[in-house]
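Undergrad:
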Amino acid sequence: MEKIKMTTPLVEMDGDEMTRVLWKMIKDELLLPFIDLKTEYYDLGLEYRDATDDQVTVDSALATKKYGVAVKCATITPNAARVKEYNLKQMWKSPNGTIRAILDGTVFRAPIVVKGIDPTVRTWKKPITIARHAYGDVYKASEMKVPGPGKAEIVFTGEDGTVLRETIHEFDGPGIVQGMHNLENSIGSFARSCFNYALDTKQDLWFATKDTISKKYDHTFKDIFQEIYDAEYDEKFKAAGIEYFYTLIDDAVARVIRSEGGYIWACKNYDGDVMSDMVATAFGSLAMMTSVLVSPEGYYEYEAAHGTVQRHYYKYLKGEETSTNSVATIFAWTGALRKRGELDQNPQLMEFADRLEKATIDTIESGKMTKDLALITTLENVTVLDSQGFIRAIRETMEK
Ligand code: NAP
Ligand code: MG
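Residues in the sequence shown are numbered consecutively from 667, following our numbering.
#1: Check for me: the alpha helix (DSSP H) holding residue 941 runs from which residue to which?
#2: Classify residue 986 as helix, strand or coil using the three-state DSSP reduction.
#3: Does the ligand NAP have even one heavy atom less than 6 Å from the beta-carbon of residue 977?
#4: At a threshold of 6 Å, does residue 1038 count as lining the ligand HEM (C-beta to nearest heavy atom)?
#5: With a threshold of 16 other CB atoms inside 10 Å of the CB of residue 713, please say whether the residue is buried or exposed.
#6: Using 8 Å as the Cβ pair cut-off and three pairs as the minimum, do the stretch 713-726 and the stretch 690-698 touch?
#7: Run the CB neighbour count on residue 1013, radius 10 Å, all protein chains shown included, and call it buried at 16 or more, exposed below.
#8: Along the chain, where does the beta strand (DSSP E) that runs through residue 835 open and close?
#9: Return yes when at least one heavy atom of the ligand NAP lies under 6 Å from the C-beta of residue 742, else no.
#10: Alpha carbons only, please: which of 870, 921, 860 and 853 is nearest the one belonging to residue 890?
#11: Can at least three beta-carbon pairs, one atom from the stretch 927-944 and one from the stretch 752-769, be found at a separation below 8 Å?
#12: Could you give the DSSP three-state label for residue 845: helix, strand or coil?
#13: Is residue 910 buried or exposed, if buried means 16 or more other CB atoms sit within 10 Å of its CB?
#14: Using only the heavy atoms of the ligand NAP, determine whether one of them is closer than 6 Å to the beta carbon of residue 953.
#15: When the Cα atoms are used, what is the spatial distance from residue 975 to residue 857?
#16: What is the DSSP secondary structure of residue 1020, counted as helix, strand or coil?
#17: Apart from the five residues just before and just after residue 1019, which ones in its own chain have a Cβ nearer than 6 Å to its Cβ?
#18: Give the single residue among 820, 1016, 985 and 866 whose Cα lies nearest to the Cα of residue 907.
#19: Which whole-angstrom value is the C-beta distance of residue 966 and residue 734, which I expect to be below 8 Å?
#20: Provide the residue(s) that pair with residue 773 in DSSP beta bridges, ordered along the chain.
#21: Have a look at residue 748 and residue 946 and give me their C-alpha separation to the nearest angstrom.
#22: Count the other C-beta atoms from every protein chain shown that fall within 10 angstroms of the C-beta of residue 929, then say buried if there are 16 or more, exposed otherwise.
#23: Taking 6 Å as the cut-off, is the C-beta of residue 753 nearer than that to any heavy atom in the ligand NAP?
#24: My guess is that residue 949 and residue 777 are in contact by the Cβ rule of under 8 Å, so how many angstroms apart are they, rounded?
#25: In this structure, how does DSSP classify residue 807 when only helix, strand and coil are distinguished?
#26: Residue 669 to residue 1044, Cα distance in whole Å?
#27: Under a three-way DSSP split, which group does residue 816 fall into?
#28: Is there at least one non-hydrogen atom of the ligand NAP closer than 6 Å to the beta-carbon of residue 974?
#29: Quick check on residue 1053: buried or exposed, where buried means 16 or more other Cβ atoms within 10 Å of its Cβ?
#30: Alpha carbon to alpha carbon, what distance is there between residue 716 and residue 695?
#31: Since residue 817 and residue 832 should fall inside the 8 Å C-beta cutoff, what is the C-beta to C-beta distance between them, to a whole number of angstroms?
#32: Cβ of residue 1012 versus every heavy atom of the ligand NAP: is any distance shorter than 6 Å?
#33: Indicate the three-state DSSP secondary structure (helix, strand or coil) for residue 633 in the structure shown.
#34: Can you tell me which residues form a DSSP beta bridge with residue 705?
#35: Beta carbon of residue 1043: closer than 6 Å to some heavy atom of the ligand NAP?
#36: Do you know how far the Cα of residue 912 is from the Cα of residue 772?
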């Protein structure tokens, strides 16, 4: 069989631990036999990040701007224990944070739905995609412990000398205060990423904040979304037969639980952090969750939503059997290959991505799966496979 050709390379960001092991197996078993794979390779494994003073992470993000599509393996975000374990020069920042800061994007996370792994919420029939704003709010806040009686204020000092002042609270005893911010530009990028992704995937877009209580802060989010929607997207949405819908966050939560799924739920940074874990868990497993960073300029970076599965890696190093779920990492590759195919008008590459995804789902639905899924499935007569065995089973399904 002739291999599928590619015209433009994918930016390939390799990673750490068990996911690095899966990465190679996926390439060897599921990609290289079928595709003349063209990638520009960046090793984001912690050793090489340390050796290059993290320059490799920056370079990989810049390459994503050049080529438009990247696929990333999970990576270690170092903490004190990792600095010691890998004898690092310093506690390098999260690669995802660095890449996000360069691409300025929104992260979209969607569950991979298969028969036999049923959502905890009975009404959910289709995936719910969470779009999380990845800038500001409580993640860039200043906080203070108030020691005793006194007045706390917010003060803005403009470069032109304007001074704005607002009382937070007149304390008559100890307490706490917090100041946070966001940027009109960042909120606008977030809105455009969400509208574009809705058009791309032909799904309705829901957005919710607490604008009734937060009349300036949250209300600005609501207003910016509405202004951009009216000016740039209303006609496109109508032509695509999809809808933009704004509501209060508490109303949104109630509607999500009653819904069938099949839409994108745009969330402010904190809401997205919390709700994506809830949605992922209710759909079954973090190992069955795709994640893509979409920049407002239209650059795409695909990855798995889970980490490097450290506990399994240590077993693997000891030569013990592992049964690590590679589905989210496979879907990171198929997402990137499909997008590459779309941009290069390469239908064969897009068909291949569909075929590999279908083979992955069919394999699970036929009862062959990794241990994490076997523990929660409603299917009977399940065969639990090890990491390599599961990937080989997918290859067999695909070749049939
Ligand atoms: P994790 O790698 O997501 O794994 C946590 C646990 O979830 C695992 O021990 C395993 O449970 C289960 N799990 C996750 N993915 C699985 C899979 N594909 N197949 C089967 N089980 C899976 O999170 P972590 O252990 O907290 O973090 C490890 C490293 O990953 C950290 O250094 C962190 O910095 C990094 N991280 C990277 C990213 C990223 O690059 N996007 C995201 C998150 C974390 P059992 O052990 O019970 O089997
Ligand atoms: Mg979280």
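Just so you know, even glycine gets a beta-carbon here, dropped at the ideal spot from N, CA and C.
TA: On the basis of the coordinates in this document:
#1: Locating residue 941 in the sequence shown gives position 275, counting from the first residue. Residues 935-949.
#2: Working through the sequence shown from its first residue, we reach residue 986 at position 320. Residue 986 falls in the coil class under three-state DSSP.
#3: Position 311 of the sequence shown holds residue 977. Within the cutoff, so yes.
#4: As presented, the structure is devoid of the ligand HEM, carrying the ligand NAP and the ligand MG as its sole ligands.
#5: For the purposes of this step, residue 713 is taken as the residue at position 47 of the sequence shown. Exposed, since its Cβ has fewer than 16 Cβ neighbours within 10 Å.
#6: In the pairwise beta carbon analysis, the stretch 713-726 is classified as not touching the stretch 690-698: fewer than three pairs are separated by under 8 Å.
#7: If you number the sequence shown from 1, residue 1013 lands on position 347. Classification of residue 1013: exposed, given that the 10 Å Cβ count is below 16.
#8: For the purposes of this step, residue 835 is taken as the residue at position 169 of the sequence shown. 829-837 is the span of the beta strand (DSSP E), which, as asked, contains residue 835.
#9: As a working mapping, residue 742 is identified with position 76 in the sequence shown. Correct: residue 742 has its Cβ closer than 6 Å to the ligand NAP.
#10: In the sequence shown, residue 890 corresponds to position 224, counting from 1. When only C-alpha atoms are compared, the closest one is 853.
#11: The stretch 927-944, when compared against the stretch 752-769, does not touch it at the 8 Å Cβ threshold.
#12: Reading the sequence shown from its first residue, position 179 is the one you call residue 845. Residue 845: strand per DSSP, three-state reduction.
#13: Stepping through the sequence shown from its first residue, residue 910 is reached at position 244. That one is buried.
#14: Walking along the sequence shown from the start, residue 953 turns up at place 287. Taken from the Cβ of residue 953, at least one heavy atom of the ligand NAP lies inside 6 Å.
#15: Within the sequence shown, residue 975 is the residue found at index 309, counting from 1. Within the sequence shown, residue 857 is the residue found at index 191, counting from 1. Rounded to the nearest angstrom, the gap between the Cα atoms of residue 975 and residue 857 is 33 Å.
#16: Numbered from its first residue, the sequence shown carries residue 1020 at position 354. Three-state result, residue 1020: helix.
#17: Reading the sequence shown from its first residue, position 353 is the one you call residue 1019. Cβ within range, chain order: 1000, 1003 and 1004.
#18: If you number the sequence shown from 1, residue 907 lands on position 241. For the residues 820, 1016, 985 and 866, the minimum Cα distance to residue 907 belongs to 866.
#19: Position 300 of the sequence shown, counted from the first residue, corresponds to residue 966. Position 68 of the sequence shown, counted from the first residue, corresponds to residue 734. Contact holds; Cβ gap of about 7 Å.
#20: Against the sequence shown, residue 773 aligns to sequence position 107. Bridge partners of residue 773: 798 and 959.
#21: Start at 1 with the first residue of the sequence shown, and residue 748 comes out as number 82. Start at 1 with the first residue of the sequence shown, and residue 946 comes out as number 280. Across the structure, residue 748 and residue 946 are spaced so that their CA atoms are roughly 27 Å apart.
#22: On the sequence shown, residue 929 is found 263 positions in, with the first residue counted as 1. Residue burial annotation: residue 929 is buried, with at least 16 other C-beta atoms found within 10 angstroms of its C-beta.
#23: As a position in the sequence shown, residue 753 is number 87, starting the count at 1. No; taking the cut-off as 6 Å, the Cβ of residue 753 has no heavy atom of the ligand NAP nearer than that.
#24: The residue you call residue 949 lines up with position 283 of the sequence shown. The residue you call residue 777 lines up with position 111 of the sequence shown. Contact holds; Cβ gap of about 4 Å.
#25: As a working note, residue 807 is residue 141 in the sequence shown. Three-state DSSP puts residue 807 in coil, outside helix and strand.
#26: In the sequence shown, residue 669 corresponds to position 3, counting from 1. In the sequence shown, residue 1044 corresponds to position 378, counting from 1. So the alpha carbons of these two residues sit roughly 38 Å apart.
#27: Indexing the sequence shown from 1 puts residue 816 at position 150. In the structure shown, residue 816 sits in a strand (DSSP, three-state: E or B).
#28: Here residue 974 refers to the residue found at position 308 of the sequence shown. At least one heavy atom of the ligand NAP falls within 6 Å of the beta-carbon of residue 974.
#29: Here residue 1053 is taken as the residue at index 387 of the sequence shown, counted from 1. In this structure residue 1053 is buried. Its beta-carbon is surrounded by 16 or more other beta-carbon atoms within 10 angstroms.
#30: Residue numbering aside, residue 695 sits at position 29 when the sequence shown is read from its first letter. Residue numbering aside, residue 716 sits at position 50 when the sequence shown is read from its first letter. Just so you know, the alpha carbons of residue 695 and residue 716 end up roughly 30 Å apart.
#31: In the sequence shown, counting from the first residue as 1, residue 817 sits at position 151. In the sequence shown, counting from the first residue as 1, residue 832 sits at position 166. Incorrect: roughly 11 Å between the Cβ atoms, too far for contact.
#32: On the sequence shown, residue 1012 is found 346 positions in, with the first residue counted as 1. Every heavy atom of the ligand NAP is 6 Å or more from the Cβ of residue 1012, so no.
#33: Examination of residue 633 is not possible in this model, given that the chain is present from 667 through 1066 alone.
#34: The residue labelled residue 705 in the question sits at position 39 within the sequence shown. Answer by DSSP bridge pairing, in chain order: 676.
#35: Sequence index remark: in the sequence shown, residue 1043 carries index 377 (1-based). Answer for residue 1043: no, Cβ out of range of the ligand NAP.
#36: The sequence position of residue 772 within the sequence shown is 106, counting from 1. The sequence position of residue 912 within the sequence shown is 246, counting from 1. Rounded to whole angstroms, residue 772 to residue 912 spans 18 Å at the Cα level.
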